[in-house]
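Everything below concerns the one structure shown next.
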Amino acid sequence: MTSTETAIETLLTALGSGDVEIIDLTSPLAPETPILQLPPPFANTIAMSLEKVSDFDDDGPFWGWNNIHTGEHTGTHLDAPVHWASGRDGKSVDRIEPARLVGPAVVMDFTAEVEANPDFLLEPEHFEAWQAEHGAFPEGAWLLFRTGWSRYNMDAAAFANADDSGPHTPGVSVAGAEWLAASGISGFGVETVGIDAGQAGAMEPPFPVHYHLLGADKYGITSLQNLDRLPSTGAMIVVSPLPIVGGTGSPSRVFALVAK
Ligand code: MN
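Put into structure tokens, the structure is as follows:
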């Protein structure tokens, strides 16, 4: 950067030359996008759908547009603190400061472990071992948990991987969730349908990542893809939920900026 060049000019030059690449971490948002399916007696959100208003026809001869129908927690989406009992006096999605939604991204790759055991759980020792190798998580970082699960993200049955004992997908142990809640991260991102493990309903407290992180004003982002294209450290993430007033979450577009 020359003395007369701003940081934004430097970034734009790097984007233009391809020295910095933008990678889309967002899964497609469609009727077949998998959504969480809670067992009875609990209620579930609706799937994503488009309702035609006009399509260059009598209802609008020169324009097409749709109404959208979706839950807040569909596809790649952010969990806000008010989503959980532990955070119900915290921020709704519209109240999360933009500075918390843009920051460093760090990636922990446990694809091989999850291939061997879909119920794999991150423990405090995993975070400590990663930091011993790569350095401390930067303040305000988004920790992204790479598992390879995104290859199932348009196949609801494979994505849930459920049997009689419920879903079997990777996540974080109770001790791991407590560790993350005490860290300086802004958020935790996963490739699965939710930020907790498939079997987390049987933990104490149930769904410990929701409980501990949302209760500590940290955020979740789910159904990410393309994490294999990110370095372990050095990327920047932009998480863009809709500012739904009072919303407990929102479908979000998520980008990573990566230096070549
Ligand atoms: Mn959610």
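Residue numbers in the sequence shown follow this note's numbering, run continuously in steps of one, and reach 318 at the last position.
For each residue, glycine too, the CB sits at the ideal point set by N, CA and C.
- For V164, the secondary structure class from DSSP, reduced to helix, strand or coil, is strand.
- At least one heavy atom of the ligand MN lies closer than 8 Å to the C-beta of D137.
- Annotation: the region 125-206 contains the following complete segments of the beta strand (DSSP E) (minimum length 3 residues), in chain order: 135-137, 160-167, 200-204.
- Within the model, the alpha-carbon separation for D275 versus L136 is close to 13 Å.
- The criterion of a C-beta distance shorter than 9 Å is not satisfied by Y210 and F246.
- Taking 8 Å as the cut-off, one finds at least one heavy atom of the ligand MN near enough to the beta carbon of I253.
- Remark: C-beta atoms of T205 and V172 approach each other more closely than 9 Å.
- Our two residues, G224 and A258, have alpha carbons roughly 10 Å apart in a direct line.
- Three or more Cβ pairs closer than 8 Å define a contact, and the region 110-118 falls short of that threshold against the region 127-136.
- A direct Cα-to-Cα measurement between D177 and T68 gives close to 44 Å.
- DSSP places L285 in the helix class (H, G or I) of the three-state scheme.
- Taking C-beta separations shorter than 6 Å and ignoring five residues to either side along the sequence, H184 has no partners in its chain.
- H270 has its Cβ no nearer than 8 Å to any heavy atom of the ligand MN.
- L180 places its beta carbon less than 9 Å from that of M166.
- Excluding its 5 nearest sequence neighbours in each direction, N125 has C-beta neighbours in its own chain below 7 Å: E109, V111, listed in chain order.
- Under the three-state reduction of DSSP, E109 is assigned to strand.
- In this structure, P301 sits away from T134, with a CB-CB distance that is not shorter than 9 Å.
- Between P139 and K149 a beta carbon distance of about 5 Å is seen, short of the 8 Å cut, so the two are scored as contacting.
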